[in-house]
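Okay, so here's the structure we're looking at.
Residue numbers (the numbering used here): 997 to 1735.
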């Protein structure tokens, strides 16, 4: 399964400026009990059309259950402010905001866990209420049928719907009718013509359908249609204006998921040619925690005097093997599934059950890579490499290592305002908002370094490195916790995909050819053509490139990510050591390993058993690397007619890494051309891959030069080749090949 794209954060979206308003309440006797769903992290987006289209985003945080955040996602985002509303009671995970038909203000609906519904008119600039007289607070428990708890909610301008545990759906004309007016409250039910006496519970009625699991209001062929998913698998649809039921269908329970019950419902866009709308239902197993599956159905519509809906018998299923489902979005031909470990898209038009899945990496992977959290031993290898490179000890190692961590921790897209502040709190660094915001970059560095040095207690490389390791580990944990993904945004006309996170916003982009090649090679070296890249016309050249890249990957995996961090720091950081000095020292590690003296200081603090185990692992890895390189070089020599041919192939590959000029056109996936920071950060991600790939090639050629008179001669002798090297750098290297 190859990665097709990755997430790009909108820089600055984690530190928006907020206007705080308090919502007054006249209902104080209610507790914070669970009459409605309890507070969880949630988000939603409403598309607002017009001259400058944008999205209105609502966010609710479990850590601040009384607070609702609202902001615009528009072309100038995040150079604007948001509105933060504080309520008297904790909120259920529901908020709906839309524009008034005149577009003079916005309409907001939300519900508290204690059963209080709010209708609020907000100013167009999201800075205030339109009028306190137009803020409506409604105790919905007074209207409930048999005091049945609320299970889910939905809203549309002028209407609030509450799904209940007994399977009923109550409609409030909140914002369009006065509470005392006839028709203010009604119920979606088959026997809607019965007397109000029965509605108020004076007449008993049996349970007809299961509890309401999900509600959706959708504009459908000019009508507002309510789709209701029940716990027993029944899907119903109602004409919201006439209150007539237009669909009742028992959804087939997945036989492949034991104890499956429906949990969520999503609807896609209609296909104008066929009047078919994709409909997705998330099923969860009641017998095994975390086992989920999504079934996608085809909702068919026939038009005439009235709307006739039906569910086609064909169905497609998408098992969620790893990662819980967070959100799903449907277009006319695609389904996007957001899980806590990545984003995946599938083509619905593909009739094959084994269709290709396109996966997109979440930004957590990039953060883990930058902070050396993606591998158990990645951070340990950094101190081993730096200890091998520097001979003078702490005077060089400590500032060099600190500079590496600073550069990655404060890198745009890695730095997160709220996560860093939470990390500081763990070290008893308490600041007010103004004090924290006033800290400069140098001020942040000073505070972080004081924490690292204080935790290490000793000004030597190993303890200070351990202090950095602990600080970054805490920071990464807070980054994931404070910035968890909440909901997807799909812009149907452009196909752009956005992600609302707990405290930021980001977008997904497709990988460039260079990234596709590098990522694909790590998965499958066997078929270069599968990446859709026409690197070379000659098949023999492709085979040579295959062997070259296999050698390159061996070197890259042996040294790991820390090698590129060290080289990059020597290239752009303080000139305590030049990049020209780094390469031969990295090559020496490839030949002889770290050596027992290099790791001794660090491993001794971890205990003799750990020290012995790591030394054995290093020794095994070095032997495996040497054997793999010997075999790979042997295969390379068999496929290449001359060393000039090999160098020509390498040169062509390096030219492939050179950035190509990109001209934007109407087919480019964008969302309002949101912000230049997205383009800049995406370019940084691409440049990072190119830099690491070029470094791997440089190390490979340097490695060949280092073993030219030793081990490599054995391989050449097998092929009866003789090679002479002149010069001591890649640019000075001249190879004469003679068979």
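Cβ coordinates follow ideal geometry from the N, Cα and C atoms, glycine included. All of these numbers come straight from a predicted model, not from anything done at the bench.
Between residue i and the rest of its own chain, which residues show a CB-CB distance below 7 Å, the 5 nearest in sequence each way excluded?
i	result
residue 1498	1037, 1057, 1478, 1479, 1480, 1482
residue 1466	1451
residue 1537	1645
residue 1486	1325, 1327, 1332, 1493
residue 1785	With the chain covering 997 to 1735 only, the question about residue 1785 has no answer from this structure.
residue 1705	With a pLDDT of 39 at residue 1705, under the threshold of 50, the predicted position of this residue should be treated as unreliable, and no value is reported.
Under 6 Å Cβ to Cβ from residue i, same chain only, skipping five residues before and after it: list those, please.
i	result
residue 1139	1181
residue 1394	1457, 1460
residue 1132	1115
residue 1636	1540, 1642
residue 1625	1550
residue 1153	1094, 1103
residue 985	This structure gives no information on residue 985, because the portion of the chain shown stretches from 997 to 1735.
residue 1368	1374, 1375
residue 1632	1543
residue 1151	1092, 1105
Helix, strand or coil for residue i? Go by DSSP, reduced to three states.
i	result
residue 1191	Summary for residue 1191: the model assigns pLDDT 36, below 50, so the residue's position carries little reliability; its value from the coordinates is reported in the next sentence. Residue state, collapsed to three classes: coil.
residue 1071	coil
residue 1424	coil
residue 1013	strand
residue 1361	helix
residue 990	In the structure displayed, the chain extends from 997 to 1735; residue 990 sits before or after that span and is not available.
residue 1090	strand
residue 1322	strand
residue 1235	strand
residue 1042	strand
residue 1036	coil
residue 1430	helix
residue 1588	helix
residue 1713	Here the model assigns residue 1713 a pLDDT of 40, short of 50, so the residue's position is not dependable, and the following value carries that caveat. DSSP places residue 1713 in helix when its eight states are reduced to three.
residue 1405	helix
residue 1062	strand
residue 1626	helix
residue 1227	coil
residue 1369	coil
residue 1207	coil
residue 1096	coil
residue 1395	helix
residue 1652	helix
residue 1273	strand
residue 1281	strand
residue 1222	strand
residue 974	In the structure as shown, the chain starts at 997 and stops at 1735, and residue 974 therefore has no counterpart that could be examined.
residue 1327	coil
residue 1621	helix
residue 1352	coil
Do we get a CB-CB distance below 8 Å when we pair residue i with the residues of chain B?
i	result
residue 1278	The structure shown contains no chain B; it is built from a single protein chain.
For the beta strand (DSSP E) holding residue i, just list the boundary residues, first then last.
i	result
residue 1313	1304 to 1316
residue 1342	1338 to 1343
residue 1240	1240 to 1246
residue 1103	1101 to 1108
residue 1334	1330 to 1335
residue 1185	Careful: residue 1185 lies outside any beta strand (DSSP E) and carries neither H nor E.
residue 1022	Per DSSP, residue 1022 belongs to no beta strand (DSSP E) and is neither H nor E.
residue 1750	What the structure shows of the chain is the stretch from 997 to 1735, and residue 1750 is not part of that stretch, so it cannot be assessed.
residue 1574	Neither: residue 1574 is in no beta strand (DSSP E) and is coded neither H nor E.
residue 1001	999 to 1005
residue 1411	Run containing residue 1411: none; DSSP gives neither H nor E here.
residue 1052	1050 to 1057
Quick one: measure Cβ to Cβ for residue i and residue j, integer angstroms, because I've assumed they're closer than 8 Å.
i	j	result
residue 1220	residue 1236	4 Å
residue 1437	residue 1405	Contact doesn't hold; Cβ gap of about 11 Å is too wide.
residue 999	residue 1357	5 Å
residue 1069	residue 1050	6 Å
residue 1156	residue 1113	6 Å
What residue does the alpha helix (DSSP H) around residue i start on, and which one ends it?
i	result
residue 1683	1672 to 1702
residue 1636	Run containing residue 1636: none; DSSP gives neither H nor E here.
residue 1563	1557 to 1568
residue 1376	1374 to 1385
Leaving out five residues before and five after residue i in sequence, what residues of the same chain have Cβ atoms less than 8 Å from its Cβ?
i	result
residue 1335	1316, 1318, 1319, 1320, 1321, 1322
Does the beta carbon of residue i fall short of 7 Å from some heavy atom of the ligand ZN?
i	result
residue 1214	The ligand ZN is not part of the structure shown, which contains no ligands of any sort.
Those runs of the alpha helix (DSSP H) which lie wholly inside the segment 1118 to 1180 and span at least 4 residues: none
Unbroken beta strand (DSSP E) runs of length 3 or more, entirely within the segment 1459 to 1512: which are they? 1481 to 1487, 1492 to 1497, 1501 to 1506
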